[in-house]
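2 protein chains.
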Amino acid sequence: MALEHAILVSLLEKPGSGYELARRFERSIGYFWTATHQQIYRVLKRMEGDGWIDVREVPQQGRPDKKEYSVAALGRTVLSRWLHEPIEPESVRHDLAVKIRGAAFDDPVALIGEVERHQRAHADRLTHYLAGQLRDFTGPDAPTAQDAGQELQHAVLRGGIAYERMMLAWLDDVLATLHGLRPEH
Amino acid sequence: MALEHAILVSLLEKPGSGYELARRFERSIGYFWTATHQQIYRVLKRMEGDGWIDVREVPQQGRPDKKEYSVAALGRTVLSRWLHEPIEPESVRHDLAVKIRGAAFDDPVALIGEVERHQRAHADRLTHYLAGQLRDFTGPDAPTAQDAGQELQHAVLRGGIAYERMMLAWLDDVLATLHGLRPEH
DNA sequence: CTTGTCTATGCAACGAGTTGCATAGGAGGA
DNA sequence: TCCTCCTATGCAACTCGTTGCATAGACAAG
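Respectively, the protein sequence lines represent chains A and B. For what it's worth, our numbering labels the leading residue of the first sequence as 269, then goes sequentially. For what it's worth, our numbering labels the leading residue of the second sequence as 269, then goes sequentially.
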């Protein structure tokens with residue numbers, strides 16, 4: 269499992285509270301690893317108990333105090349060990365693909381709206397990624413000399429962009445197939 | 269959750285035993301939905317209890333008897349209802365992306381072997397998909413006039429092919445980035 | 001003749017992930 | 001003033017998914 273490791277990476281990039289992590293998991297990290305705040309708080313507690321991360325109570329004004337977590341020496345060791353051991357290529361789970369194959373036994377045309385909805389969602393994500401790329405990496409305000417961390421973050425973001433573009437093209441293909449089915453129906 | 273639905277679709281395409289389903293989930297269905305035999309047997313039992321599927325004991329020679337499952341009327345209804353309700357675009361989980369961002373805090377060069385390993389795995393899958401496409405859809409032995417089911421299965425397979433090609437190109441990109449980091453290290 | 005693989009089914013325990021709910025102060029709008 | 005949203009943390013219950021193990025006959029290779 270990699271939620272612990274995703275949290276370690278995120279805290280190395282920048283220390284933060286469970287709440288802040290939850291928000292990052294809705295944004296940048298969430299592009300390739302999702303988690304809810306309940307899950308994050310639970311895992312943070314365990315990681316703290318295991319000595320992977322340190323806590324610091326940060327009093328705040330006008331809002332509740334927060335616990336800021338940062339990676340401890342042991343956490344770095346654990347992450348390093350994980351980085352050096354091979355992992356299996358991810359197993360995919362695509363509800364939509366199940367639906368598309370299932371549509372053969374129902375009304376395929378009824379699926380068109382759903383596919384278009386997904387296409388819009390992917391188009392939105394793509395727009396969002398491209399804006400992020402312009403802001404952080406390729407735009408005029410982006411830092412010119414980039415360190416390893418930025419180079420790698422950019423590489424991951426390019427992966428997200430490639431994924432969304434692929435999905436948009438494929439969903440176009442699926443729509444064409446669904447429309448092509450119409451006459452014989 | 270969609271394991272039930274994936275099983276219903278698979279059983280509609282062709283009735284079969286838990287064992288056969290488990291093998292299909294290593295092959296065609298497994299391209300977009302993974303499940304182990306333990307999971308499948310457990311869910312089949314529940315689905316049978318709920319009246320979604322029917323069982324038929326099939327005695328065999330030279331090998332253990334099997335229970336052949338097929339979709340009951342209620343199962344069809346359940347599937348149809350699911351097909352008509354909207355689902356959220358999948359949440360992705362990419363261990364490798366976590367590793368790539370994590371590599372900035374360790375030795376990025378050490379990741380090259382791992383990325384190449386993943387690339388080989390994706391190349392193998394692509395080869396496998398392309399062989400399947402040739403066999404079932406575009407080759408000389410493929411049926412000429414295809415029904416809706418085949419058209420849709422082919423569309424899903426094209427999605428798998430597009431995905432693997434995208435991954436191969438992206439992993440090339442990642443490798444180039446990792447190599448580009450070398451000098452400054 | 002033993003070892004290993006294939007078909008075929010399943011239990012038990014555990015770990016991961018989701019859903020619902022709860023608390024609580026401050027800010028802003030109707 | 002009340003209602004809602006935002007920050008911030010967390011528990012409890014449940015479902016989903018993984019891992020390890022067990023059984024058992026048939027067949028092939030060494």
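Think of the CB as a built atom: it goes at the ideal place given N, C-alpha and C, for glycine as much as any other residue. In this text, all values refer to a predicted model and were calculated from it rather than measured experimentally.
Practice item. Identify the contact partners of B/H273 in chain A, using a Cβ-Cβ distance below 9 Å as the criterion. Key: D363, V366, K367 and G370
Check: Mind checking if B/D440 is an interface residue toward chain A, Cβ cutoff 7 Å exclusive?
Finding: no
Item checked: Residues sharing a beta bridge with B/I321, DSSP -> B/V339
Can at least three beta-carbon pairs, one atom from the region 402–411 of chain B and one from the region 355–374 of chain B, be found at a separation below 8 Å? no
**Prompt:** Quick one: Cα of A/T445 to Cα of A/I321, how far?
**Reply:** 51 Å
Alpha carbon to alpha carbon, how far is A/Q414 from A/Q421? Give it in angstroms, no decimals.
10 Å
Option in B/G284, B/R349 and B/G319 with minimal Cα separation from B/V326
B/G284
Assigned secondary structure, A/K367 (DSSP; H/G/I helix, E/B strand, else coil): helix
* Per DSSP, cross-strand counterpart(s) of A/V326 -> A/K334
| task | May I ask you to report which of helix, strand or coil DSSP gives B/R292? | result | helix
**Q.** Assigned exposure category for B/A341 - 16 Cβ within 10 Å defines buried
**A.** exposed
Q) Do B/W438 and A/G427 have their CB atoms nearer than 7 Å? A) yes
Can you say whether A/P354 is buried or exposed, counting buried as having 16 or more other CB atoms within 10 angstroms of its CB? exposed
A/G400 in three-state terms, based on DSSP = helix
Review point. Beta carbon of A/Q421: closer than 6 Å to some heavy atom of the ligand FMN?
Key: With respect to small molecules bound, the structure shown includes none, and the ligand FMN cannot be examined in it.
message: Need the endpoints of the alpha helix (DSSP H) that B/Y431 sits in, please.
response: A416 to L449
Quiz prompt | Helix, strand or coil at A/G407 [DSSP, three-state] | solution = coil
Under 7 Å between C-beta atoms, does A/L312 make it to chain B? no
* Asked: Which term fits A/S278, buried or exposed, when burial requires 16 or more other beta carbons within 10 angstroms of its beta carbon?
  -> buried
* Environment of B/H362 [buried if 16+ CB atoms lie within 10 Å] -> buried
(request) Select from A/G286, A/D374 and A/G448 the residue whose C-alpha is nearest the C-alpha of A/Y309. (result) A/G286
Since A/I297 is in the alpha helix (DSSP H), which residue starts that stretch and which ends it?
From DSSP, A/I297 is part of no alpha helix (DSSP H); its letter is neither H nor E.
query: Would a check of beta-carbon distances place B/H386 closer than 7 Å to chain A?
result: yes
- Query: Considering only C-alpha positions, which residue in the set B/Q307, B/F373, B/E281 and B/H386 is nearest to A/E419?
  - Reply: B/F373
So B/V478 contacts chain A; which residues on that side make the cut at Cβ distance below 8 Å?
What is shown of chain B runs 269 to 453, which leaves residue 478 of chain B out entirely.
Discussion item. Buried or exposed, going by whether 16 or more other CB atoms sit within 10 Å of the CB of B/E432?
Written reply: buried
Bridge-paired residues (DSSP) for A/G284:
A/Y337
**Report entry** Where A/W301 meets chain B, residues with beta-carbon distance less than 9 Å
**Finding:** S359, V360, R361, H362, D363, A365 and V366
From the beta carbon of A/I380, is the nearest beta carbon of chain B less than 7 Å away?
no
Discussion item. So that I know if they touch, is there some Cβ in chain A lying closer than 7 Å to that of B/F293?
Written reply: no
- Consider the Cβ of B/E419: report whether some Cβ of chain A lies at a distance smaller than 7 Å. yes
>> So, for B/D435: in the same chain, excluding its five sequence neighbours on each side, which residues have a beta-carbon less than 6 Å away from its beta-carbon?
In response: Here residue 435 of chain B turns out to be Met, not Asp, going by the sequence shown. Result list for B/M435: H390, in chain order.
Which partner residues does A/R361 have in the DSSP bridge list? B/W301
| task | Thinking A/L425 and A/Q401 are a contact (beta carbons under 8 Å), I'd like their distance in whole angstroms, please. | result | 6 Å
- Just how far apart, CA to CA, sit B/D333 and B/M315? 20 Å
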